[in-house]
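Notes follow once the structure below has been shown.
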Amino acid sequence: QEKVQQSPESLIVPEGAMVSLNCSFSDSASQSIWWYQQHPGKGPKALISIFSNGNKKEGRLTVYLNRASLHVSLHIKDSQPSDSAVYLCAVSPMNYNQGKLIFGQGTKLSIKP
Amino acid sequence: GPKVLQIPSHQIIDMGQMVTLNCDPVSNHLYFYWYKQILGQQMEFLVNFYNGKVMEKSKLFKDQFSVERPDGSYFTLKIQPTALEDSAVYFCASSLGQGSGNTLYFGEGSRLIVV
Chain A
1 QEKVQQSPES
11 LIVPEGAMVS
21 LNCSFSDSAS
31 QSIWWYQQHP
41 GKGPKALISI
51 FSNGNKKEGR
61 LTVYLNRASL
71 HVSLHIKDSQ
81 PSDSAVYLCA
91 VSPMNYNQGK
101 LIFGQGTKLS
111 IKP
Chain B
114 GPKVLQIPSH
124 QIIDMGQMVT
134 LNCDPVSNHL
144 YFYWYKQILG
154 QQMEFLVNFY
164 NGKVMEKSKL
174 FKDQFSVERP
184 DGSYFTLKIQ
194 PTALEDSAVY
204 FCASSLGQGS
214 GNTLYFGEGS
224 RLIVV
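Residue numbers (this note's numbering), protein chains in the order written: chain A, 1 to 113; chain B, 114 to 228.
Written out as structure tokens, the structure is:
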């Protein structure tokens, strides 16, 4: 069974800082890795996904994937108070083509104005 | 963006009673999912559904659970009978296609409290 671990559990940074969130997974053959944002009382919202080794940039977000080290990271540039939320890393296990995602426990991010 | 609507947002129910959670997925989506999140724990996959059939279910999808989407209406999760450990937030999601590259769109959840 695929395992997904996120660090840190929580993070407080000042507005404008660069944020780095980490996620490790257990199966190098996993398919896409997703980052979701979840505000209190809301459902998760997909932010960005990556499949191939390397990095992918979308707006203020950059994600880095290293399958050899079973690690993926999300970086948020120029953080805003509205970025305050729980960030969930989710992995699509190998051989599952049915939309099943394995979620990490999340990182709670707080951006201080 | 695409919206998934869930009804009810909250429900308190006596143990042993039946509960139905309703989901209105994104209009042109074909794949539907239920996930369960217990307070303070990670979100866990329950079941996915396509073309009127369950495609895959997890160990959390107990015999007391059932899903259906009659005549293209709501996609429902029914629990009968409920147990105390069923207390959780249940999230519905939908996607246009299958495969790991397809975005899952989640609703805001139905918080179920079994007393």
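Note that CB positions come from ideal geometry on N, CA and C, so glycine has one too. Because the structure is a prediction, the values reported are computed rather than measured.
Where does residue i land, buried or exposed, given buried means 16+ other C-beta within 10 angstroms?
i         : result
Lys149(B) : buried
Asn222(B) : The sequence shown places Gly at residue 222(B), not Asn. Gly222(B) should be labelled buried.
Ala196(B) : exposed
Pro81(A)  : exposed
Ile125(B) : exposed
Pro8(A)   : exposed
Met156(B) : buried
Leu152(B) : exposed
Asp296(B) : For chain B, the structure presents residues 114 to 228; residue 296(B) sits outside this window and is missing.
Asn161(B) : buried
Pro183(B) : exposed
Just list the residues that DSSP pairs residue i with in beta bridges.
i         : result
Glu169(B) : Asn161(B)
Ala206(B) : Tyr146(B), Phe219(B)
Lys56(A)  : Val63(A)
Lys146(A) : Only positions 1 to 113 of chain A appear in this structure, which leaves residue 146(A) out of reach.
Tyr36(A)  : Ala46(A), Leu88(A)
Phe188(B) : Cys136(B)
Thr107(A) : Tyr87(A)
Ile102(A) : Val91(A)
Could you check the C-alpha separation between residue i and residue j for me, to the nearest Å?
i         : j         : result
Cys205(B) : Leu190(B) : 9 Å
Tyr218(B) : Ile102(A) : 15 Å
Val72(A)  : Phe188(B) : 33 Å
Leu88(A)  : Lys116(B) : 19 Å
Lys170(B) : Pro113(A) : 44 Å
Ser26(A)  : Gln105(A) : 15 Å
Gly16(A)  : Leu209(B) : 36 Å
Leu134(B) : Ile120(B) : 6 Å
Trp35(A)  : Leu47(A)  : 6 Å
Ile111(A) : Ile12(A)  : 6 Å
Gly165(B) : Gly43(A)  : 25 Å
Lys56(A)  : Gly99(A)  : 21 Å
Gln38(A)  : Asp83(A)  : 10 Å
Smallest Cα separation from residue i: which of the options?
i         : options                                    : result
Leu74(A)  : Ile50(A), Gln80(A), Arg67(A), Ser82(A)     : Ile50(A)
Gly59(A)  : Leu21(A), Lys77(A), Ser26(A), Ser28(A)     : Lys77(A)
Leu109(A) : His39(A), Ala85(A), Asp27(A), Leu47(A)     : Ala85(A)
Gln211(B) : Ser186(B), Gln154(B), Lys172(B), Tyr146(B) : Tyr146(B)
Lys175(B) : Gly185(B), Asn164(B), Pro183(B), Ile192(B) : Ile192(B)
Cys23(A)  : Gly99(A), Leu65(A), Gln31(A)               : Leu65(A)
Leu173(B) : Gln130(B), Ser122(B), Ala201(B)            : Ala201(B)
Gln6(A)   : Leu70(A), Asn53(A), Lys45(A), Ala29(A)     : Leu70(A)
*Residues of the stretch 51-62 of chain A with a CB closer than 9 Å to any CB of chain E: list them in chain order, please.*
Going by chain labels, chain E is absent from the structure shown, which instead holds the protein chains A and B.
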